[in-house]
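One structure is given below, encoded as C-alpha cells.
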Amino acid sequence: MSVLRLIWAGWKFHVKSLTLSGFFLLTSIIQPIIFASVAYFMFEAGARPGTLLYVALGAGMMGIWSSTLFGSGGAIQWQRWQGTLEYCIAVPPPFLLVIVPLTLATATIGLYSLTATLLWGWLFFDVPLEVAHPAAFVVALPVTVVGLGLLGLVLASTFILYRNANALSNLLEYPVWLVTGLLVSLSLLPGWVAPLSWLLAPTWGINALRESAIAGNAWPEIGMCLLLAGVYLVIGYFLLQHFERLARERATLSLT
Amino acid sequence: VTSLRIFAIGGLISYRALFYWLSVWIYVPSLVLAPIFQILLFAYIGRSAGLESDKFYVVGNAIQYAAVPCLFAMTQLIGGEKYQNTLGAILVSPAPRLPLFFGRTIPVVLNAAFVAAFSLTAGCLILGVHIPASAFIPLALVIVVAAFSCSGLGMINAALSLRIRENAVLTNVIFGFLLIFTGANVPISELPGWMQSVSDVIPFTHAIEAARELADGAPFSSVSDLVGTELLIGFVYLCAGFALLRFMEWQGRRHATLERS
Chain P
740 MSVLRLIWAG WKFHVKSLTL SGFFLLTSII QPIIFASVAY FMFEAGARPG
790 TLLYVALGAG MMGIWSSTLF GSGGAIQWQR WQGTLEYCIA VPPPFLLVIV
840 PLTLATATIG LYSLTATLLW GWLFFDVPLE VAHPAAFVVA LPVTVVGLGL
890 LGLVLASTFI LYRNANALSN LLEYPVWLVT GLLVSLSLLP GWVAPLSWLL
940 APTWGINALR ESAIAGNAWP EIGMCLLLAG VYLVIGYFLL QHFERLARER
990 ATLSLT
Chain S
477 VTSLRIFAIG GLISYRALFY WLSVWIYVPS LVLAPIFQIL LFAYIGRSAG
527 LESDKFYVVG NAIQYAAVPC LFAMTQLIGG EKYQNTLGAI LVSPAPRLPL
577 FFGRTIPVVL NAAFVAAFSL TAGCLILGVH IPASAFIPLA LVIVVAAFSC
627 SGLGMINAAL SLRIRENAVL TNVIFGFLLI FTGANVPISE LPGWMQSVSD
677 VIPFTHAIEA ARELADGAPF SSVSDLVGTE LLIGFVYLCA GFALLRFMEW
727 QGRRHATLER S
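The listed protein sequences correspond, in order, to chains P and S. Its first residue numbered 740, the first sequence is counted upward by one per residue in this note's numbering. Its first residue numbered 477, the second sequence is counted upward by one per residue in this note's numbering.
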C-alpha cells in the first residue's frame, strides 16, 4: 500500500511540476501539432491519403515519445543539477520507487500531445473523432503510458553513463518515430527494422490505439505493451542498482 | 581596420568562446546524425502518402535543417552573452555594432552550410538519390545563400532573446514553422493561399525551390532569380535583426533588463 502511495504522490508531483515547464509544454503540445500539420498536408495531397485519424494518433504518440525521451533521459541528470540526487538515494524507499513516478509522469505529460493533435486535426483538418471500440481505447491509453514510462526508466538508468544526455535524446527522437511506425507503415521499411520495432513499447502502444480507434482487435497489442513494460521494469531495476552501487563506490553522485 | 578586426577576429573568438560546450559528443548526434534521420522520416512519410520522390525530401530537409545551427547558434552568440555575464562589457565597449554583430554571423553561416551539405550528401547516398555532378557547385552556392538567409532570421531571434527568457522554446517553434511553410515537405502549391503568401517572404522557400531545380539538372542561370530573391530576403532579415538588436539594447538600458536571465 505504501508503495502505491509513494508512486501516486510522486507521479502527481512530477506531472504538476512538468506542466509548469515551458520546454515540456512545447515538446508535448506545439511540436506534435507542427508534425501533425505537416503529415496532414502530406497525406491530404498524396496519392494514398489514408485516414487522418491514423495520422493524428501517430503524431500524438510522437509527442508522448518525445516527452518520455527528454524527460526520462535527463531525469537523473536533473536531480544531479538540482542537488537532490543524494537525497533521492538516501531516503528509505528504494531508488527505483523514487524514479519510476518521474518517468511515468514524463510519459503522462505526453497525453497532452495526443489531445492536442486530435483536437487540432478535428478543428482544422476535419479528422473524425469517432472511436470504434471505446472500452479498448480507454484501456490502451494508460497501458501505453505505462509502457513508455517504464521504457523511460531504462533510458533514465542508461543515459546516466552519457554525460551529454540531451544530445543523445535529440538523436533518438526521429529514429524511434520512424522504426515504431508512428507515421510510416512498417511494411515500407527494410525487413531488419521489424524485429527492432517489436522491442519498443511505442510500436505496440500505437497499434493498440489504432486498432481500438479505427477498427480491429487491440487486446493482443495491449498485452504486448504490458509484457514489455514488465521487462523494462526488470531491466531498469538492475541497471539502477548497478548505477547506485558504482556511484556510492566512486563518490560520483554529486558530480555535474 | 578596427572594424574589420572586430568583424573577423571578434566573430571567430565569440563563436569559439560561446560554443566551448559544443563538443564532438554533442555536435555529431545533433548536427550530423539527426538531420539524416529527419530526411529519412519525411522520405518514408512521403512514400507512405504517395506524394513526392525521395529527392524532394532529401533536398528540402537537408536545406531546412540548416535552421538548427542558424537559429540556435545566432541566439547563443548574442543572447548567450547574458548568461556568461559578458553582455554588459560588450555593450559598454566603443566597438561599432555593425561589425560586432555581423561578424558573429559568418561562422554560423559556414557551419550551417556544412550541416546542410553533409545532410544532402548523406541523404542522397542512403536513399540512392542521383544528383548530376554539374549541379554540385551551384548547389553549394545555394546552400550558402540559404544559410545566410536563415542567419538573418537567427539575428531577429537573437535580438528577442535579450527580452525573452525561454528562447529555446521560441527557437524550436520557429524551426517547426519553417518545416511547414518553406515547402521542405509539402509542395507550396498544396498549402492554403495565406500560407503560400507567408512562404514567399521567409528564408529557405526560394533556396529549396532553386536547389530542387538544380538537382533535377537545371542550369544555374534558370534559378538565378530564385537565388537572388533568397539573398534579398536574407539581407532584409539581417537588417531587421540588427535594427531589433539595437532596439532591444536601448530598451534593455532604459529598463535595466539587459542582464535579466
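All residues carry an ideal CB built from backbone N, CA and C; glycine is no exception. Note that this is a predicted model, so its numbers are computed, not measured.
For residue i, does the three-state DSSP call read helix, strand or coil?
{"i": "TYR503 of chain S", "result": "helix"}
{"i": "PHE680 of chain S", "result": "coil"}
{"i": "ASP692 of chain S", "result": "coil"}
{"i": "GLU988 of chain P", "result": "helix"}
{"i": "ARG542 of chain S", "result": "According to the sequence provided, residue 542 of chain S is Ala. The question's Arg does not apply to it. It is coil, neither helix nor strand."}
{"i": "PRO511 of chain S", "result": "helix"}
{"i": "ASN537 of chain S", "result": "helix"}
{"i": "THR897 of chain P", "result": "helix"}
{"i": "GLN821 of chain P", "result": "coil"}
{"i": "VAL923 of chain P", "result": "coil"}
{"i": "ASN909 of chain P", "result": "helix"}
{"i": "ARG663 of chain S", "result": "Looking at the sequence shown, residue 663 of chain S is not Arg but Pro. Note: PRO663 of chain S maps to coil in three-state DSSP."}
{"i": "VAL477 of chain S", "result": "coil"}
{"i": "SER697 of chain S", "result": "helix"}
{"i": "GLY812 of chain P", "result": "helix"}
{"i": "THR562 of chain S", "result": "coil"}
{"i": "SER741 of chain P", "result": "helix"}
{"i": "GLY710 of chain S", "result": "helix"}
{"i": "PRO914 of chain P", "result": "helix"}
{"i": "SER524 of chain S", "result": "helix"}
Which chain S residues sit within Cβ distance under 7 Å of residue i?
{"i": "PRO914 of chain P", "result": "PHE513"}
{"i": "GLY785 of chain P", "result": "ALA525, GLY526, LEU527"}
{"i": "LEU907 of chain P", "result": "PRO505"}
{"i": "MET1004 of chain P", "result": "Residue numbering for chain P in the displayed model covers 740 to 995; residue 1004 of chain P lies beyond these limits and cannot be assessed."}
{"i": "LEU935 of chain P", "result": "Residues of chain S passing the Cβ test: none, with the nearest at roughly 14 Å."}
{"i": "ALA778 of chain P", "result": "ILE521"}
{"i": "ILE773 of chain P", "result": "GLY652, LEU655, ILE656"}
Is the beta carbon of residue i sitting closer than 7 Å to the one on residue j?
{"i": "SER811 of chain P", "j": "SER767 of chain P", "result": "no"}
{"i": "GLY761 of chain P", "j": "GLU642 of chain S", "result": "yes"}
{"i": "GLY704 of chain S", "j": "PHE624 of chain S", "result": "no"}
{"i": "LEU791 of chain P", "j": "VAL866 of chain P", "result": "yes"}
{"i": "ALA686 of chain S", "j": "VAL699 of chain S", "result": "yes"}
{"i": "LEU722 of chain P", "j": "THR842 of chain P", "result": "Coverage of chain P is limited to positions 740 through 995, which leaves residue 722 of chain P absent and any answer about it impossible."}
{"i": "THR551 of chain S", "j": "SER637 of chain S", "result": "yes"}
{"i": "ALA484 of chain S", "j": "GLY555 of chain S", "result": "no"}
{"i": "GLU1016 of chain P", "j": "ALA957 of chain P", "result": "Any question about residue 1016 of chain P goes unanswered here, given that chain P covers just 740 to 995."}
{"i": "ILE899 of chain P", "j": "PHE982 of chain P", "result": "yes"}
{"i": "VAL918 of chain P", "j": "VAL932 of chain P", "result": "yes"}
{"i": "PRO614 of chain S", "j": "PHE696 of chain S", "result": "yes"}
{"i": "ALA519 of chain S", "j": "PHE782 of chain P", "result": "no"}
{"i": "ILE632 of chain S", "j": "LEU720 of chain S", "result": "yes"}
{"i": "ILE838 of chain P", "j": "ALA895 of chain P", "result": "yes"}
{"i": "TYR713 of chain S", "j": "GLY628 of chain S", "result": "yes"}
{"i": "PHE876 of chain P", "j": "ALA798 of chain P", "result": "no"}
{"i": "ILE656 of chain S", "j": "VAL923 of chain P", "result": "no"}
{"i": "VAL618 of chain S", "j": "ALA589 of chain S", "result": "no"}
{"i": "SER936 of chain P", "j": "LEU948 of chain P", "result": "no"}
So which residues of chain P does residue i contact, with C-beta pairs closer than 7 Å?
{"i": "PRO575 of chain S", "result": "Neighbours of PRO575 of chain S on chain P: none; closest Cβ ~32 Å, over 7 Å."}
{"i": "LEU547 of chain S", "result": "Residues of chain P passing the Cβ test: none, with the nearest at roughly 14 Å."}
{"i": "ILE602 of chain S", "result": "Correct list: empty, because the minimum Cβ distance to chain P is about 11 Å."}
{"i": "GLU666 of chain S", "result": "PHE780, ALA784"}
Show which residues of chain P have a CB atom less than 8 Å away from the CB atom of residue i.
{"i": "ALA510 of chain S", "result": "ASN909, LEU910, GLU912, TYR913"}
Can you list the residues of chain S that residue i reaches, using a CB-CB cut of under 9 Å?
{"i": "VAL923 of chain P", "result": "LEU517, TYR520, ILE521, ARG523, SER524"}
{"i": "ILE769 of chain P", "result": "VAL645, ASN648, VAL649, GLY652"}
{"i": "PHE762 of chain P", "result": "GLU642, ALA644, VAL645, ASN648"}
{"i": "LEU928 of chain P", "result": "TYR520"}
Interface residues of chain S around residue i at Cβ under 8 Å?
{"i": "LEU796 of chain P", "result": "Under the 8 Å cutoff, chain S gives no residues; its nearest Cβ is about 14 Å from LEU796 of chain P."}
{"i": "LEU765 of chain P", "result": "VAL645, ASN648, VAL649"}
{"i": "LEU917 of chain P", "result": "PHE513, LEU516, LEU517, TYR520"}
Whose Cβ in chain P lies nearer than 9 Å to the Cβ of residue i?
{"i": "TRP670 of chain S", "result": "Neighbours of TRP670 of chain S on chain P: none; closest Cβ ~13 Å, over 9 Å."}
{"i": "ILE678 of chain S", "result": "Per Cβ cutoff of 9 Å: no residues; ILE678 of chain S is ~15 Å from chain P at best."}
Tell me the start and end of each unbroken alpha helix (DSSP H) in the region 835 to 887 of chain P that is at least 4 residues and wholly inside, in chain order. 850 to 863
Quick check for students: name the residue ranges of the alpha helix (DSSP H) that lie wholly in the region 752 to 810 of chain P, counting only runs of 4 or more. Runs of alpha helix (DSSP H) with 4 or more residues, each lying fully within the region 752 to 810 of chain P, are found at 761 to 764, 770 to 784, listed in chain order.
May I ask you to verify whether the region 745 to 765 of chain P touches the region 642 to 650 of chain S, counting CB pairs closer than 8 Å and requiring at least 3? yes
Counting pairs of Cβ atoms below 8 Å between the region 846 to 854 of chain P and the region 788 to 805 of chain P, do you hit three or more? Output reads yes: the region 788 to 805 of chain P touches the region 846 to 854 of chain P.
Please list the segments of the alpha helix (DSSP H) lying wholly inside the region 565 to 652 of chain S, counting only runs of 4 or more residues, in order along the chain. 573 to 578, 581 to 603, 612 to 637
Whole alpha helix (DSSP H) elements within the region 931 to 959 of chain P, 4-residue minimum: 932 to 937, 940 to 952
Are the region 583 to 600 of chain S and the region 509 to 522 of chain S touching by the rule of at least three beta carbon pairs closer than 8 Å? yes
Using 8 Å as the cut-off, can you tell me whether the region 598 to 608 of chain S makes contact with the region 529 to 541 of chain S, which would need three or more C-beta pairs spanning the two stretches below that distance? yes
Report yes or no: do the region 959 to 979 of chain P and the region 871 to 889 of chain P share at least 3 C-beta pairs separated by less than 8 Å? yes
Does the region 576 to 587 of chain S come into contact with the region 484 to 493 of chain S, if we say contact requires no fewer than three beta-carbon pairs (one atom in each stretch) closer than 8 Å? yes
Flag this pair as touching only if the region 972 to 981 of chain P and the region 828 to 847 of chain P have three or more C-beta atom pairs under 8 Å; answer yes or no. yes
Is the number of C-beta pairs between the region 985 to 993 of chain P and the region 557 to 572 of chain S that are closer than 8 Å three or more? no
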